[in-house]
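Since the structure comes first, as structure tokens, the remarks are kept for the end.
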Amino acid sequence: MICNSAKNGLIPQREYFDKDIANADNTDGYYIIEKDDFVYNPRKSAEAPYGPVSIYKYAEKGIVSPLYLCFRALHPINAEFFDFYFKSSAWHRYIYLAGDSGARHDRVSIRDDVFFAMPINLPSEAEQHKISSLLSSIEKRIKAQAALVENLKKYKRGVIYELFVNPDSQFDVEMAAIPMSQLLTEYRNRNTEGLRVCSVAVSRGVVDQIEHLGRSFAASDTSHYGRVKFGDVVYTKSPTGDFPFGIVKQSKLNEEVAVSPLYGVYTPASYATGNLIHAYFEQYQYANNYICTLAQKGAKNTINITNQRFLEKCIRFPVKESDREYFSALLDMLTEKAIKAEKMLEYLLAQKRTLLAKMFI
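With our numbering, letter number 136 in the sequence shown gets 1429, and the count goes up by one each step, no holes.
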């Protein structure tokens, strides 16, 4: 059973849904597809506003829903060229103009014969091969870069696990269960006049509120807000995504800023100490495990926990400052490498989008 995903193309149904939607008892009328066949899924999405057209790359035959439109490239069309053509937006205008106004807003309504009447500017076979080879090489580079990004993140997660969690850690570091109150001290400075207001985000940490949210949500009087210095640790008490008990981040901003009075602000024993706490709480499972026994959910889905209560639990932590500085520097290096790798990945993806837009007319 094969499904057509805008993001992943034609893949086995079980890989996409984690289960089989179709089975042997309800596949009457399904289409059989072979390697290099194309499948058009008319369901719209953000990635494919007119539905994805994907090439089937598996050696064994597959079957797809009768809701899909199946076809194959005939000579002199290069199948790989055809695949990249449908990854571009060159054919979208035709679908927009030729499609019917259906009742469902999430699905393209177009007759099969109208779809197959789509005009395509077809270069010579040699040009098709050049175009597909160029785009294929970029795709391979993108896959390799994406794998590098994931491996760097995975390695960083592994370092955090070995350091903080694994009782049989490979690291020769003196560890102890240290009360958080010995690592952090609540910072209660409310002198925030003239400071810009920041929020705290899962991916961006302490960040300018307007830059992150598009507008200010601060009160007209921010004199009672919390003051945050470079290196301070901030705990938000609002649930979000994988962090139902809030998030904990160290400020990396080279200036003092103001944050909501609902946030807890703490000064770490050292920058390295705060940085390791930041790394530990980046992992949602560790953050949730630490906070869940300390907090209760309030009526407005906020977390009932005092700033001092947050400090009452112990955390497995390096005892020596030299070890804290070493692992802090190691994690910073891995973070920086991952950021650079992600920027390169974004550049390659933008390059691919540009080429797709310019090579097909």
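All residues carry an ideal CB built from backbone N, CA and C; glycine is no exception.
Distance CB(residue i)-CB(residue j) smaller than 7 Å
i     : j     : result
A1387 : L1362 : Looking at the sequence shown, residue 1387 is not Ala but Tyr. No, the Cβ-Cβ distance between Y1387 and L1362 is not below 7 Å.
H1517 : P1554 : yes
G1557 : Y1528 : yes
N1581 : F1538 : yes
A1341 : A1299 : yes
Y1480 : D1525 : yes
T1533 : T1485 : no
F1653 : Y1389 : no
N1414 : P1345 : no
F1374 : S1425 : yes
A1551 : V1490 : yes
M1473 : K1606 : yes
L1627 : K1449 : yes
V1466 : E1635 : no
I1431 : K1613 : no
E1549 : K1522 : yes
I1356 : D1376 : no
D1329 : A1383 : no
F1536 : Y1577 : yes
G1322 : P1359 : yes
H1385 : Y1324 : no
Span of the alpha helix (DSSP H), counted from its first residue to its last, around residue i
i     : result
R1442 : With the sequence shown as reference, residue 1442 is identified as Val, and Arg is not the correct amino acid for it. V1442 -> alpha helix (DSSP H) spans E1418 to F1457.
E1504 : Q1502 to L1506
I1388 : H1385 to A1391
E1373 : A1372 to K1380
S1492 : Per DSSP, S1492 belongs to no alpha helix (DSSP H); it is in the beta strand (DSSP E), C1491 to A1494.
M1473 : M1473 to L1476
D1406 : D1405 to F1409
N-terminal and C-terminal residue of the beta strand (DSSP E) that residue i is part of
i     : result
T1485 : Neither: T1485 is in no beta strand (DSSP E) and is coded neither H nor E.
E1340 : E1340 -> no beta strand (DSSP E), and no H or E assigned at all.
V1521 : G1519 to V1521
V1541 : V1541 to Q1543
G1355 : G1355 to V1357
N1297 : I1295 to S1298
Y1324 : Y1324 to I1326
G1302 : G1302 to P1305
R1365 : L1362 to R1365
D1329 : Taken as a continuous stretch (DSSP letters only), D1329 belongs to no beta strand (DSSP E), as it is neither H nor E.
Y1480 : Counting along the chain, Y1480 falls outside any beta strand (DSSP E), and DSSP gives it neither H nor E.
V1527 : V1526 to Y1528
Cβ distance (whole Å) where residue i is taken to contact residue j below 8 Å
i     : j     : result
L1624 : T1560 : That pair is no contact at about 20 Å.
I1295 : I1326 : 7 Å
L1649 : R1434 : Not a contact, Cβ separation roughly 15 Å.
R1483 : R1520 : 7 Å
H1505 : S1492 : 5 Å
I1471 : I1608 : 6 Å
Residue i: CB within 6 Å of a non-hydrogen atom of the ligand GDP
i     : result
F1331 : With respect to the ligand GDP, the structure shown offers nothing to examine, as it has no ligands at all.
Cβ of residue i within 7 Å of any chain B Cβ
i     : result
A1494 : Included in the structure is just one protein chain, with no chain B present.
Problem - Start-end ranges of the beta strand (DSSP E) lying completely within the stretch 1548 to 1636, minimum 3 residues - result: 1550 to 1552, 1557 to 1561 and 1607 to 1611
Problem - the stretch 1398 to 1410 / the stretch 1593 to 1607 touching (three or more Cβ pairs under 8 Å) - result: no
Handout entry: the stretch 1535 to 1552 / the stretch 1568 to 1577 touching (three or more Cβ pairs under 8 Å)
Key = yes
Practice task
Inspect the CB distances between the stretch 1420 to 1430 and the stretch 1615 to 1630 and report whether three or more fall short of 8 Å.
Solution key: no
Exercise for the section: Count the C-beta pairs between the stretch 1364 to 1372 and the stretch 1627 to 1644 that are closer than 8 Å, then say yes if the count reaches three, no if not. Expected result: no
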